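Some notes on the structure that comes next.
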Amino acid sequence: MGGARSGKSALAQQRALESGLNVIYLATAQANDEEMVARIARHRAERPAEWGLVEEPLALADALKTHAAPHHCLLVDCLTLWLSNLLIAGEEQLDRETRRLLDTLPSLPGSVVLVSNEVGQGIVPTNPLARRFRDEAGRLHQAVASCCDRVTFVIAGLPLILKDPPA
Amino acid sequence: MGGARSGKSALAQQRALESGLNVIYLATAQANDEEMVARIARHRAERPAEWGLVEEPLALADALKTHAAPHHCLLVDCLTLWLSNLLIAGEEQLDRETRRLLDTLPSLPGSVVLVSNEVGQGIVPTNPLARRFRDEAGRLHQAVASCCDRVTFVIAGLPLILKDPPA
Amino acid sequence: MGGARSGKSALAQQRALESGLNVIYLATAQANDEEMVARIARHRAERPAEWGLVEEPLALADALKTHAAPHHCLLVDCLTLWLSNLLIAGEEQLDRETRRLLDTLPSLPGSVVLVSNEVGQGIVPTNPLARRFRDEAGRLHQAVASCCDRVTFVIAGLPLILKDPPA
Numbered sequence: 079m080g081g082a083r084s085g086k087s088a089l090a091q092q093r094a095l096e097s098g099l100n101v102i103y104l105a106t107a108q109a110n111d112e113e114m115v116a117r118i119a120r121h122r123a124e125r126p127a128e129w130g131l132v133e134e135p136l137a138l139a140d141a142l143k144t145h146a147a148p149h150h151c152l153l154v155d156c157l158t159l160w161l162s163n164l165l166i167a168g169e170e171q172l173d174r175e176t177r178r179l180l181d182t183l184p185s186l187p188g189s190v191v192l193v194s195n196e197v198g199q200g201i202v203p204t205n206p207l208a209r210r211f212r213d214e215a216g217r218l219h220q221a222v223a224s225c226c227d228r229v230t231f232v233i234a235g236l237p238l239i240l241k242d243p244p245a
Numbered sequence: 079m080g081g082a083r084s085g086k087s088a089l090a091q092q093r094a095l096e097s098g099l100n101v102i103y104l105a106t107a108q109a110n111d112e113e114m115v116a117r118i119a120r121h122r123a124e125r126p127a128e129w130g131l132v133e134e135p136l137a138l139a140d141a142l143k144t145h146a147a148p149h150h151c152l153l154v155d156c157l158t159l160w161l162s163n164l165l166i167a168g169e170e171q172l173d174r175e176t177r178r179l180l181d182t183l184p185s186l187p188g189s190v191v192l193v194s195n196e197v198g199q200g201i202v203p204t205n206p207l208a209r210r211f212r213d214e215a216g217r218l219h220q221a222v223a224s225c226c227d228r229v230t231f232v233i234a235g236l237p238l239i240l241k242d243p244p245a
Numbered sequence: 079m080g081g082a083r084s085g086k087s088a089l090a091q092q093r094a095l096e097s098g099l100n101v102i103y104l105a106t107a108q109a110n111d112e113e114m115v116a117r118i119a120r121h122r123a124e125r126p127a128e129w130g131l132v133e134e135p136l137a138l139a140d141a142l143k144t145h146a147a148p149h150h151c152l153l154v155d156c157l158t159l160w161l162s163n164l165l166i167a168g169e170e171q172l173d174r175e176t177r178r179l180l181d182t183l184p185s186l187p188g189s190v191v192l193v194s195n196e197v198g199q200g201i202v203p204t205n206p207l208a209r210r211f212r213d214e215a216g217r218l219h220q221a222v223a224s225c226c227d228r229v230t231f232v233i234a235g236l237p238l239i240l241k242d243p244p245a
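Order-wise, the sequence lines are chains A, B and C.
Every position in the first sequence, counted from 1, becomes a number in my numbering once 78 is added.
Every position in the second sequence, counted from 1, becomes a number in my numbering once 78 is added.
Every position in the third sequence, counted from 1, becomes a number in my numbering once 78 is added.
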């Protein structure tokens, strides 16, 4: 987790490399406008070419179940975009897919690295949808963090350990 | 302290429970619109039923003095709403009430747990009032933190110790 | 580094004082409007009168080279305003000056303390320029942090060590 351009994706990629497993990059971004197309291309160029790529904007739990394996490291980049896709898709999908993610995460084989954006430390947004998104992101982060062995916050490319695997 | 939906209120409630004292919840929220009514109701449902409840949107120092006692833990949720109420109430009240809080805090008997929102880590707001609020919140956090024995920042439900009571 | 009114300038000034060197304050702010004039005056009043003052909104690397010396501590406040001045000045200057800063920093004699604002932990701004600024600030922070011996994040006046000089 980290703020915008904090180096969180780079750290996640390093963690995935260090796992020694076959890395599958699970992209949640949708190329809806020019800015996103450029962002996706930039992220792609920064990744090792041998990594697998799966694109899934909504059904994340299914994609994780399909691709998880003892010799796989799944790198999800990022939860924030997935959440924002779900908010646009509607309440029913939002509820179902977030619940399915939380049900699925603890039982997956292999390794999973999740990237997400901190969005709740600025001023309260005036836009009700932005407020809703901020609240949902906060709740998701709490729920996901409680499922993870390790949680790292990234500031200026530097990791801050929030939760560490038991020794 | 923490961002939106970071789990800061839940941590504060846990700290209040662990104090072993009689907990009095000091709410600063004003139910001015539907969204706030829903938020207040949700917070209420998450609290133990036996806790006392005091509602005080402005005169926080007075409320703390009235209810503080060696066997009480006062849980204030939250300073950010209180500050925003004071900004609306006007400069004079803002000055007086923040000064009174800082004068009162160090001498209160029993235990006090304060919840506040980090709002200063986003982009500079274009709205001058939002900028003012952000500056006042930052100053208040610094002043209050210097009075407290323990300061914890919460990210994704996970505590980050900023200040610890001397052993 | 830290959010708005987090106490980051005060901590930086304390670090500069503790260096025991002659402090030169390098201000990047431009007094373009009343709010900035007031902010600059307030910052000035908080600084020791014997400190040197250099004002440079754009050519930061040059200013650092000119004033750096083994017995000097240069205190730059702040990188965020400098970056915002460069974004207004145009792409060419932005590219050149940020590159020059990163080239210059590692070889300067004496001590350098840099202040910068975390702006990437709020909701994604709707304004494209604000998004751009947020991205550039994040990239700059990563690059600068990798050049520094010590990086401290400040929350509510309390330091959180992100990077420490090797013992």
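C-beta atoms are modelled at their ideal positions from N, C-alpha and C, and glycine is treated no differently.
From a predicted model like this one, the values you see are computed outputs, not experimental measurements.
Tell me which same chain residues have a C-beta within less than 8 angstroms of the C-beta of A:LEU164, skipping the five on either side of it?
-> Sequence-distant partners of A:LEU164 (beyond 5 residues in either direction) whose C-beta falls short of 8 angstroms from its own C-beta, in its chain, are LEU136, GLN171, LEU172, GLU175 and THR176.
Between the C-alpha atoms of C:LEU218 and A:ALA234, what's the straight-line distance to the nearest angstrom?
-> Straight-line Cα distance between these residues: approximately 8 angstroms.
Could you work out which residues of chain C lie near B:ARG212, taking near to mean beta carbons separated by less than 9 angstroms?
-> Under the 9 angstroms cutoff, chain C gives GLY81, ALA82 and ARG83.
With DSSP as the reference, label A:ASP155 as helix, strand or coil.
-> A:ASP155 sits in a strand when the DSSP states are folded into three classes.
For C:HIS149, collect the residues of the same chain with a Cβ closer than 8 angstroms to its Cβ; drop the 5 residues on either side in sequence, then sort them by chain order.
-> Excluding positions up to five away in sequence, the list reads LEU99, ASN100 and GLY188.
Would you list, in sequence order, the uninterrupted beta strand (DSSP E) runs of no fewer than 3 residues that lie entirely inside the segment 127–188 of chain A?
-> For the segment 127–188 of chain A, the continuous beta strand (DSSP E) assignments of 3+ residues that do not extend past its boundaries occur at 130–133 and 150–155, in sequence order.
Quick one, which residues of the segment 205–229 of chain A are near chain C if we go by CB-CB under 8 angstroms, in chain order?
-> Cβ contacts with chain C: ASN205, ALA208, PHE211 and ARG212.
Give the residues of chain B in contact with A:GLY200, contact being defined as C-beta atoms less than 7 angstroms apart.
-> Going along chain B in sequence order, the residues near A:GLY200 (Cβ under 7 angstroms) are VAL197, GLN199, GLY200 and ILE201.
Pick from C:SER224, C:GLU134 and C:VAL202: whose alpha carbon is nearest that of C:LEU161?
-> Here the closest residue by C-alpha is C:GLU134.
C:ASP155: buried (16+ other C-beta within 10 angstroms of its C-beta) or exposed?
-> The residue is buried, with at least 16 neighbouring Cβ atoms inside 10 Å.
Determine the direct distance from the alpha carbon of C:LEU157 to that of C:THR182, and round the result to whole angstroms.
-> Distance between the alpha carbons of C:THR182 and C:LEU157: 15 angstroms.
Cβ neighbour criterion (16 or more within 10 Å) applied to A:GLU112 | So A:GLU112 counts as exposed.
Between B:GLU214 and B:GLY81, which are expected to be in contact by the criterion C-beta below 8 angstroms, what is the C-beta distance as a whole number of angstroms?
-> Contact between B:GLU214 and B:GLY81 is absent: CB atoms are separated by about 18 angstroms, not below the 8 angstroms threshold.
Chain C residues whose Cβ lies nearer than 9 angstroms to that of B:LYS241 | Per Cβ cutoff of 9 angstroms: ALA234 and LEU236.
Have a look at A:ALA139 and A:ILE239 and give me their C-alpha separation to the nearest angstrom.
-> Here the C-alpha atom of A:ALA139 lies approximately 26 angstroms from the C-alpha atom of A:ILE239.
Cβ neighbours of A:PHE211 in the same chain (closer than 8 angstroms, five flanking residues each side left out) = The residues LEU161, SER162, LEU165 and VAL197, in chain order, have a CB closer than 8 angstroms to that of A:PHE211 in the same chain once the five nearest residues on each side in sequence are set aside.
Buried/exposed call for A:GLY130, threshold 16 Cβ in 10 Å | It counts as exposed.
Identify the continuous alpha helix (DSSP H) that holds A:VAL115 and give its terminal residues.
-> Element bounds for A:VAL115: 112–123.
Environment of B:THR144 [buried if 16+ CB atoms lie within 10 Å] | Exposed.
According to DSSP, what are the bridge partners of B:THR106?
-> Residue pairing by DSSP places B:THR106 opposite no residue, since no beta bridge is assigned to it.
Note the first and the last residue of the continuous beta strand (DSSP E) segment covering B:PRO237.
-> Here the beta strand (DSSP E) through B:PRO237 covers 236–241.
Counting only the same chain and skipping the five closest in sequence on each side, list residues whose C-beta sits under 6 angstroms from that of A:VAL115.
-> The residues are ALA109.
To which residues of the same chain is B:LEU186 closer than 8 angstroms at the C-beta, ignoring the five residues directly before and after it?
-> LEU142, LYS143, ALA146 and LEU152, listed in sequence order.
C:VAL232, enclosing beta strand (DSSP E) - first and last residue = It spans 229–233 - the beta strand (DSSP E) in which C:VAL232 sits, taken as one unbroken run.
Within its chain, find whatever has a CB closer than 7 angstroms to the CB of C:LEU159; leave out the 5 residues flanking it on each side and keep chain order.
-> Hits under 7 angstroms: THR106 and ALA107.
Closer than 6 angstroms by C-beta to A:ASP295: which residues in its own chain qualify, once you throw out the five before and the five after it? Chain order, please.
-> For residue 295 of chain A there is no data in the structure shown, the boundaries of chain A being 79 and 245.
Starting from the C-beta of B:VAL331, find all residues in its chain whose C-beta is less than 6 angstroms away, skip the five residues before and the five after it, and write them out in chain order.
-> Since the first residue of chain B shown is 79 and the last is 245, residue 331 of chain B is not available in this structure.
Express the C-alpha separation of A:ALA208 and A:PRO184 in angstroms, rounding to a whole number.
-> For A:PRO184 and A:ALA208, the distance between alpha carbons rounds to 29 angstroms.
What residues match up with A:VAL193 in a beta bridge as DSSP calls it?
-> A:VAL193 has A:ASP155 as its beta-bridge partners, per DSSP.
Span of the alpha helix (DSSP H) holding B:GLY85?
-> Segment: none, B:GLY85 is in no alpha helix (DSSP H) and carries neither H nor E.
First and last residue of the alpha helix (DSSP H) that includes B:VAL222?
-> 206–225 is the extent of the alpha helix (DSSP H) around B:VAL222.
Could you name the residues of the same chain whose beta carbon sits closer than 6 angstroms to that of B:SER97, not counting the 5 residues immediately before and after it, in chain order?
-> Taking C-beta separations shorter than 6 angstroms and ignoring five residues to either side along the sequence, the partners of B:SER97 in its chain run CYS151 and SER189, following chain order.
Inter-residue Cα distance where the pair is A:ILE102 and C:VAL202 | Rounded to the nearest angstrom, the two C-alpha atoms are 27 angstroms apart.
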